[in-house]
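End of the sequence shown sits at 477 in UniProt numbering; the numbers just go up one at a time, nothing left out. For each residue, glycine too, the CB sits at the ideal point set by N, CA and C. Presented below is the structure to which this report refers.
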Amino acid sequence: MDIKKNDILTVEITDTGTEGEGIGKLTLPAPDAADTEEKAGGKAAGFTLFVKDAVIGDTVQVKVMKAKKNYAYAKLEKVIVPSPFRVQPPCAFHRQCGGCQLQSLSYEKQLEFKQNKIRNNLVRIGGFDPEKIDACMEPIIGMEDPWHYRNKAQFPFGYDKEGNVVTGFYAGRSHTIIPNTDCALGVEENQQILEIILRFMKKYGVSAYEEVSGKGLLRHVLIRKGFASGQLMVCLIINGKKLPEEQRLVDELWKIPGMTSVSVNVNMERTNVIMGKKVRVLKGEEKIEDSIGDVVFRISPLSFYQVNPVQTRKLYGQALEYAGLTGEETVWDLYCGIGTISLFLAQKAKKVYGVEIVPEAIADAKENAVRNEITNAEFYVGKAEEVLPRKYEEDGVYADVIVVDPPRKGCDEKCLETMVRMRPGKIVYVSCDSATLGRDLKYLGENGYEVKAWRGCDMFPGTVHCEVCVELWRKVL
C-alpha cells in the first residue's frame with residue numbers, strides 16, 4: 001500500500017510519543033484487498049502513524065498530512081472508538097492552542113506517561129541499566145487539582161481576520177493567536193483582566209502590535225498572582241513610551257480584589273523576546289509577594305519564579321530530603337535564580353552559596369534573603385561554569401552538597417567537570433528536561449557518582465513537560 005498525503009486511514013493508537021502525540025502501527029491488507037479495506041487499515045508491518053490529539057487506546061480516522069517511506073504524520077479527523085483513557089477536556093481550544101498536549105488524556109495516564117518518559121531518557125540517553133533505574137525510582141508527585149495552577153501568564157495581542165483586537169495564546173508552532181481569555185491552566189482573574197484590557201483598547205483606539213510590520217502599541221500583558229498572598233500584578237508590554245489614557249485602565253484594573261501592581265514595560269525592538277529592560281510602575285508596588293514553605297519571595301515583572309507554587313513546594317521539599325542536611329553542610333546552588341532553592345535550603349544548612357548569570361535575579365535573591373532574615377546565604381553573579389571553578393581554585397571554597405537546577409539545555413560541561421573535582425558527598429540535580437538530564441547523569445556516573453534515587457514532579461499538568469529530582473552519591477572507592 002502506497003501511503004500518500006491526504007489519504008484517509010483508520011488506525012488503533014497503541015503508544016504515546018514524547019510530544020504527546022498518539023502513535024499507531026498501520027498493517028497492510030492482502031494484495032487483492034479492496035481499496036476500501038486498504039484504507040481501513042489491515043496488517044502492515046513497520047509503517048508508523050504519528051497523530052496529534054489522539055490518545056493511547058483510541059481507534060481513529062486520520063488524514064495523512066506528510067508521508068515518508070516508513071512513517072507519516074496525520075491529522076485526527078474522527079474518534080471511532082474512544083480510549084478508556086480519553087477524557088473530555090475543559091478547554092474548548094485545546095486542539096488549536098499550542099500550550100497543552102495532553103488534555104484529552106486522563107490525569108492518571110498523564111502521570112504514567114511522564115514517569116515513563118523520564119525513565120526511558122535515563123536508560124536510552126544516560127545509558128543506565130533499566131533494573132537499576134527502576135530500583136531507585138520513586139512514585140511521581142502529581143496534583144490533587146491539576147487545573148488553574150499557573151501563577152504567571154503572558155498573553156499576546158493581535159488582530160483576527162475581521163480586524164478585531166484579540167488576545168489568547170499562539171497556535172502550536174506558529175504566531176497565530178487563538179482568541180481565548182479563559183485558560184484552564186491560569187488563575188481565574190486572568191479572564192477579568194483580559195476583558196478589561198480588550199474593552200479599553202476598543203474604547204480608546206489602542207492598537208495591537210503586529211510582528212510583520214513592527215507597528216502597533218500593545219504587544220503583551222504579563223499577569224502574575226501570589227498564591228499565598230493573593231496579590232495580583234499586571235504588566236503591559238508596549239511598543240512605545242506611553243499608553244494613552246493609561247490612568248483610566250489602571251482605575252478599572254484596581255477594582256479587582258488583590259490588585260497590587262500595575263506597570264508598563266517598554267519593548268520597542270523587532271524581536272520575539274517578550275519583555276524589555278525598563279519597567280515603569282503606574283500604581284502600587286513594583287513587586288508582589290509569594291511564599292514557598294516558610295520563605296517569602298518578592299517577585300518583579302522580570303523575575304524568574306516557578307509557575308506552579310503548589311508543586312514547587314513539593315519539588316523543593318524533595319530536593320531538601322535528598323540533600324539530607326543536618327545543619328553542618330556547605331551547599332552550592334547553581335543556576336539559583338532569585339534564590340528560591342537557596343533560601344529553602346539555607347534553613348537547614350550551615351552555609352549556602354548561590355550562582356546565577358542574571359544580575360537582576362541575584363539582586364532579588366539578596367533582597368529575599370534580607371526579607372526572610374536569612375544570613376547564611378551568599379549570592380554571586382556569573383556563569384556557574386566560571387564562578388564555581390574560580391571560587392574553588394582561587395578561594396578554596398568547597399561543597400558538601402551541590403544542588404543544580406539548570407535550564408533545559410542542562411549543565412555546561414565545564415561546570416560538570418568542576419563539580420566532579422570538588423568531590424561533594426552528594427549532588428542533587430533538579431531538571432526540567434529529562435533528555436539533557438540523562439546526558440549529564442551519564443557524565444557524572446562515569447566520573448565517580450551513582451544515582452541513589454529519582455522522582456518526577458508534575459509541575460505542568462496537561463502538557464508533556466515534567467520536572468525530576470535526582471539524588472547522587474559519590475562512590476566510595
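Asked	Found
Pair within 8 Å by beta-carbon distance, leucine 102 and glycine 205	no
Local Cβ density within 10 Å of lysine 152, reported as buried at 16 or more and exposed below that	buried
Host beta strand (DSSP E) of aspartate 134 (start-end)	That residue, aspartate 134, is in no beta strand (DSSP E); its alpha helix (DSSP H) goes 130-135.
Inter-residue Cα distance where the pair is valine 310 and phenylalanine 47	42 Å
Through-space distance from alanine 361 to valine 295, alpha-carbon basis	16 Å
DSSP beta-bridge partners of glycine 158	Val166
According to DSSP, residues forming a beta bridge with glycine 456	Val468
For isoleucine 237 and histidine 220, believed in contact at Cβ under 8 Å, the rounded distance	4 Å
Separation of valine 403 from tyrosine 353, as counted between CA atoms	10 Å
Residue of Asp440, Leu343, Lys351 and Leu315 minimising C-alpha distance to glycine 327	Lys351
Between the CA atoms of valine 62 and threonine 80 - distance to the nearest angstrom	Before going further, note that residue 80 is isoleucine rather than threonine in the sequence given. C-alpha separation (whole angstroms): 10 Å.
Contacts around methionine 233, its chain only, beta-carbon distance under 6 Å, and the 5 residues preceding and following it disregarded	Arg224, Ser261 and Ile288
Buried or exposed by the 16-neighbour rule on C-beta atoms within 10 Å, applied to glutamine 247	exposed
Contact set for serine 263: own chain, Cβ-Cβ below 7 Å, skip 5 residues either direction	Cys235, Val279, Arg280, Val281, Leu282, Glu286 and Pro301
Among Leu105, Lys5, Asp364 and Glu413, the one whose alpha carbon lies nearest that of threonine 16	Leu105
Three or more C-beta pairs below 8 Å linking the stretch 387-397 and the stretch 364-371	no
CB of asparagine 121 within 8 Å of CB of alanine 435, strictly	yes
Status (buried if at least 16 other CB within 10 Å, exposed otherwise) for asparagine 190	buried
Beta-carbon spacing of glycine 317, alanine 377 below 8 Å	no
Residue of Phe227, Leu334 and Tyr149 minimising C-alpha distance to valine 387	Leu334
Between the CA atoms of aspartate 145 and phenylalanine 460 - distance to the nearest angstrom	12 Å
Selection from Asn308, Trp473 and Ile118 that minimises the alpha carbon distance to valine 187	Asn308
Residue 481 in three-state terms, based on DSSP	In the structure as shown, the chain begins at 1 and stops at 477. Residue 481 is therefore absent and cannot be evaluated.
Classification of serine 213 by the beta-carbon crowding that lies within 10 angstroms, buried from 16 upward	exposed
Status (buried if at least 16 other CB within 10 Å, exposed otherwise) for isoleucine 274	exposed
Residue range of the beta strand (DSSP E) that includes asparagine 265	259-266
Residue nearest to glutamine 115 in terms of C-alpha spacing, selected from Leu472, Val470 and Cys466	Cys466
Reduced DSSP secondary structure (H/G/I, E/B, other) of tyrosine 305	coil
Extent of the continuous alpha helix (DSSP H) run through aspartate 290	Careful: aspartate 290 lies outside any alpha helix (DSSP H), inside the beta strand (DSSP E) at 288-292.
Where the beta strand (DSSP E) through glutamine 61 begins and ends	59-67
Isoleucine 125: first and last residue of the uninterrupted beta strand (DSSP E) it sits in	Segment: none, isoleucine 125 is in no beta strand (DSSP E) and carries neither H nor E.
Beta-carbon gap between isoleucine 357 and glycine 324 smaller than 8 Å	no
Where the alpha helix (DSSP H) containing aspartate 251 begins and where it ends	246-253
Extent of the continuous alpha helix (DSSP H) to which methionine 419 belongs	413-422
Glycine 410 versus aspartate 400: straight-line alpha-carbon distance, rounded	22 Å
Helix, strand or coil at residue 486 [DSSP, three-state]	Nothing about residue 486 can be read from this structure; the chain reaches only from 1 to 477.
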